[in-house]
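Engineer: First the structure, which I've put down as structure tokens, then a few questions once you've had a look.
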Amino acid sequence: MGTKILVSVVVPTYNRLSRLKRVLGALEDQTFRRDAYEIVVVSDGSTDGTDDFLAAASERGDVVYAAQANQGPAAARNRGAALAQGELVLFVDDDVVAAPELVAQHVASHDALAGDAIVIGPMATPPDFTMRPWVQWEQTMLYKQYDALTAGLFAPTFRQFYTGNASLPRARFEQSGGFDTRFRRAEDVELAYRLNRGGIRFVWNPNAVGYHYADRPFDSWLQTAYDYGVNEVVFGRDEGQDPTLHRVRAEFRRRHPTMRVVTRLCVAVPALATGLRRPLRALAVGADAVGAEPISRLALSVLFNSWYHLGMASALGSGKEFRRIVARSRRRDP
């Protein structure tokens with residue numbers, strides 16, 4: 230009788246063969262007992278040789294492998310979780326290279342809790358990789374959250390559930406119905422939102438480190454901001470929540486006054502956001518090149534926030550409706 234599988238590491242992948250090889254190598258080289266965890270990889274319509282590589286790895290017994298037509302990461306993760314045998318499902322992205330203790334740290338957190346919880350680990354900046362300015366901006370924003378979580382300034386919530394490095398009991402995942410495949414962005418936050426309503430705890434483990442070798446084009450980065458804004462409203466409606474939640478207003482209130490003014494202008498005149506796109510990108514890249522990182526971050530913050538709120542306004546039906554909602558942030562909410 231073989232050793233019981235305790236952890237199923239689920240990795241969705243799409244056309245990242247060279248990066249995937251490093252990801253899988255790191256997952257093979259863990260301090261946790263290799264016979265007590267499995268690596269489940271789902272190729273989501275890859276066309277770069279990934280399927281041949283994974284088929285060979287599967288024959289050797291290194292991975293559990295499945296291929297499907299391209300349907301997005303939510304569907305790929307659901308497929309991987311359906312193949313999983315472990316008591317825990319640990320989601321790792323195909324650009325996150327696990328530190329040797331990653332699996333052991335996730336297991337240790339669940340063992341210590343002895344209960345129903347989601348464990349979140351950091352997607353750390355690799356020391357041997359140069360990121361594009363907008364990707365580095367994302368990492369900077371992440372580290373602000375990580376530092377606050379580690380310092381105990383706030384407890385983790387569903388908003389910190391990023392499936393690049395997070396684990397939960399497989400039974401809990403199955404009970405939730407898994408990721409909603411309608412979402413190609415923010416599907417992780419949407420799932421965590423439903424799990425949160427079911428009473429699950431969120432736990433931060435800064436020692437469960439995965440190094441995030443993120444590389445995405447500028448247009449994809451900006452589209453992500455827009456899609457997150459749309460989904461902020463959409464999944465709230467689907468869950469029966471008023472999209473004018475206090476949280477939306479409260480978060481807008483915390484923005485820098487200049488950022489709030491620019492956002493209102495861009496939502497009122499979307500052509501302004503489009504017009505700012507190229508010059509602010511050029512400013513961010515140029516400032517980053519000469520070491521003026523604060524200027525680069527400011528330009529990227531303006532872009533990200535503008536497009537995020539444009540997406541939200543689109544889902545609400547109009548810029549006027551968005552402005553009506555956030556206008557309440559100028560006075561005390563009831």
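Once you know that position 30 of the sequence shown is 259 in this note's numbering, the rest is easy, because the numbers rise by one and skip nothing. Beta carbons are placed, not taken as given, at the ideal position from N, Cα and C, and that holds for glycine. Source: prediction; values computed, not measured.
Is it the case that the Cβ atoms of Gly-458 and Tyr-537 are separated by a distance below 8 Å?
Structural biologist: A distance below 8 Å separates the beta carbons of Gly-458 and Tyr-537.
Engineer: Out of curiosity, what's the CA-to-CA distance linking Asp-323 and Ala-443?
Structural biologist: 10 Å
Engineer: Please report the distance separating the alpha-carbon of Leu-545 from that of Arg-289.
Structural biologist: Distance between the alpha carbons of Leu-545 and Arg-289: 51 Å.
Engineer: Is Ala-353 buried or exposed, if buried means 16 or more other CB atoms sit within 10 Å of its CB?
Structural biologist: The residue in question, Ala-353, is buried, as its Cβ has 16 or more Cβ neighbours within 10 Å.
Engineer: Mapping the DSSP letters down to three states, classify Ser-220 as helix, strand or coil.
Structural biologist: Given a span of 230 to 563 for the chain in the structure shown, any question on residue 220 remains unanswerable.
Engineer: On the DSSP bridge list, what partners appear for Trp-433?
Structural biologist: Ile-349
Engineer: Going by other Cβ atoms of all chains shown within 10 Å of its Cβ, with 16 needed for buried, is Leu-420 buried or exposed?
Structural biologist: Classification for Leu-420: buried.
Engineer: Beta strand (DSSP E) containing Val-325: first to last residue?
Structural biologist: Residues 325-327.
Engineer: Quick one: measure Cβ to Cβ for Asn-434 and Val-348, integer angstroms, because I've assumed they're closer than 8 Å.
Structural biologist: 6 Å
Engineer: Identify, in the order they occur along the chain, each residue of the same chain with its Cβ nearer than 7 Å to the Cβ of Arg-251, setting aside the five sequence neighbours on each side.
Structural biologist: Val-326
Engineer: Based on the DSSP output, what are the partners of His-441 in its beta bridges?
Structural biologist: Beta-bridge pairing links His-441 to Val-325.
Engineer: Who pairs with Ser-272 in a beta bridge, going by DSSP?
Structural biologist: Thr-242, Ala-296
Engineer: State the CB to CB distance for the pair Leu-451 and Leu-532, rounded to an integer number of angstroms; the pair is presumed to be in contact (CB under 8 Å).
Structural biologist: 6 Å
Engineer: Are there 16 or more other CB atoms within 10 angstroms of the CB of Asn-394, so buried, or fewer, so exposed?
Structural biologist: So Asn-394 ends up on the buried side.
Engineer: Report the CB separation of Val-269 from Val-332 in whole angstroms; it is logged as a contact under 8 Å.
Structural biologist: Distance from Val-269 to Val-332 at the Cβ level is roughly 13 Å; contact not present, criterion being Cβ atoms closer than 8 Å.
Engineer: What does the alpha-carbon distance come out to for the pair Asp-357 and Tyr-440?
Structural biologist: Between the C-alpha atoms of Asp-357 and Tyr-440 there is a straight-line separation of about 10 Å.
Engineer: Go through its chain and collect everything with a Cβ distance to Gln-374's Cβ below 7 Å, but skip five positions before and after it.
Structural biologist: Gln-389
Engineer: What are the residues that DSSP puts in a beta bridge with Ser-396?
Structural biologist: Leu-319, Val-348
Engineer: Compute the beta-carbon to beta-carbon distance between Arg-430 and Asp-345, rounded to the nearest angstrom, for a pair I have assumed lies under 8 Å.
Structural biologist: 7 Å
Engineer: Among the candidates Glu-367, Gly-309, Ala-437, Ala-341, whose CA atom is the shortest distance from the CA of Thr-379?
Structural biologist: Ala-437
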